[in-house]
Amino acid sequence: MIEEKEQLFELSVEYIDYKKPDTYWRMINSHIESTALAHYFSFKADIPKLELDPSSEYFRPVEFQLKTEEFYCRGEFVSLQYYVYFDMGGAHGNYRTLTSNFFGSRHGKISIQDLLGNDDEKAAKLLSYCLKVVEAGLDEPEPVDWMVELNDTPAVWSVLANFNFDNRGLTFNFSPYDILYYAAGSYEVNMPWQIASNYLTKEYLEPWRKSEL
Numbered sequence: 001m002i003e004e005k006e007q008l009f010e011l012s013v014e015y016i017d018y019k020k021p022d023t024y025w026r027m028i029n030s031h032i033e034s035t036a037l038a039h040y041f042s043f044k045a046d047i048p049k050l051e052l053d054p055s056s057e058y059f060r061p062v063e064f065q066l067k068t069e070e071f072y073c074r075g076e077f078v079s080l081q082y083y084v085y086f087d088m089g090g091a092h093g094n095y096r097t098l099t100s101n102f103f104g105s106r107h108g109k110i111s112i113q114d115l116l117g118n119d120d121e122k123a124a125k126l127l128s129y130c131l132k133v134v135e136a137g138l139d140e141p142e143p144v145d146w147m148v149e150l151n152d153t154p155a156v157w158s159v160l161a162n163f164n165f166d167n168r169g170l171t172f173n174f175s176p177y178d179i180l181y182y183a184a185g186s187y188e189v190n191m192p193w194q195i196a197s198n199y200l201t202k203e204y205l206e207p208w209r210k211s212e213l
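Given below as structure tokens:
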């Protein structure tokens with residue numbers, strides 16, 4: 001864990017370190033640490049650009065927090081979340097949920113592109129499913145003004161990137177500004193393996209079908 005408190009900023013970075021010696025777990029630990037430290041150094045590099053004035057009556061230190069948590073772990077199957085909060089002196093702080101997923105030593109670290117076989121059409125259909133789930137839970141009399149278009153392929157892949165998995169299925173994490181404006185908050189969409197099987201390539205469905213998850 002890293003904690004620093006100075007005149008201009010306060011930060012804390014907390015991440016997992018698996019106490020397992022083999023190469024697969026070394027890879028996971030290396031990825032976790034590099035992800036956490038990349039955010040740490042990125043935040044500190046941004047501080048001089050803010051031109052903060054401690055003598056101002058409106059001054060307050062900028063703040064950064066990152067905490068890594070285990071979403072799921074069984075055997076070699078590991079799904080992680082990084083909760084990131086940062087307040088750079090604006091009207092409000094911002095937060096995001098980022099993820100990393102490891103599908104055993106056979107596959108290593110996996111992305112949503114891997115799960116969907118880089119199929120743009122499947123990605124758009126999957127996001128459409130997620131948006132319908134979110135919309136069903138909104139109390140909005142008017143049609144929802146989404147911040148992502150289903151025909152914008154790079155944006156579709158981007159907002160689907162932060163997913164998790166467990167023995168029940170997939171969970172898609174949408175942070176503020178991913179699909180809706182900040183005040184609407186963040187959303188999780190759970191997709192059971194039975195439904196996910198309509199989108200995923202066969203090799204990533206084997207562990208679920210064999211009850212290995």
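The sequence shown maps to residues 1 to 213 in full-length UniProt numbering.
We put the beta carbon where it would ideally sit given N, CA and C, even for glycine.
- Counting only the Cα atoms, proline 192 lies some 35 Å from aspartate 87.
- Taken through DSSP and simplified to helix, strand or coil, glutamate 51 comes out as coil.
- In this structure, the beta-carbon distance from asparagine 101 to asparagine 164 falls below 8 Å.
- Closest option to threonine 97, judged by alpha-carbon separation, among Tyr58, Glu70, Ser55: Glu70.
- Annotation note: the UniProt domain "DUF3298" (144 to 194) contains the following uninterrupted alpha helix (DSSP H) runs of length 4 or greater, listed N- to C-terminal: 153 to 160.
- Take the alpha-carbon of glutamate 135 and the one of isoleucine 179: they are about 11 Å apart.
- Scanning its chain for C-beta atoms nearer than 6 Å, with the 5 sequence neighbours on each side dropped, one finds around glutamate 14 the residues Met1, Lys67, in chain order.
- Taking a C-beta distance under 8 Å as the contact criterion, glycine 117 and glutamate 76 do not qualify as a contact pair.
- Taking the C-beta atoms as reference points, alanine 155 is found no nearer than 8 Å to valine 144.
- Apart from sequence neighbours up to five positions away, the residues of its chain that approach phenylalanine 43 with a beta-carbon distance below 7 Å are Leu11, Phe64, Phe86, ordered along the chain.
- By the 16-neighbour rule on beta-carbons within 10 angstroms, leucine 138 is exposed.
- In the three-state DSSP reduction, isoleucine 16 falls in the coil class, being neither helix nor strand.
- The straight-line gap separating the alpha-carbon atoms of valine 78 and tyrosine 58 is approximately 44 Å.
- Within the region 14 to 95, the complete beta strand (DSSP E) runs of at least 3 residues fall at 62 to 74, 77 to 87.
- A direct Cα-to-Cα measurement between arginine 168 and tyrosine 82 gives close to 21 Å.
- Under DSSP, lysine 202 shares a beta bridge with no residue.
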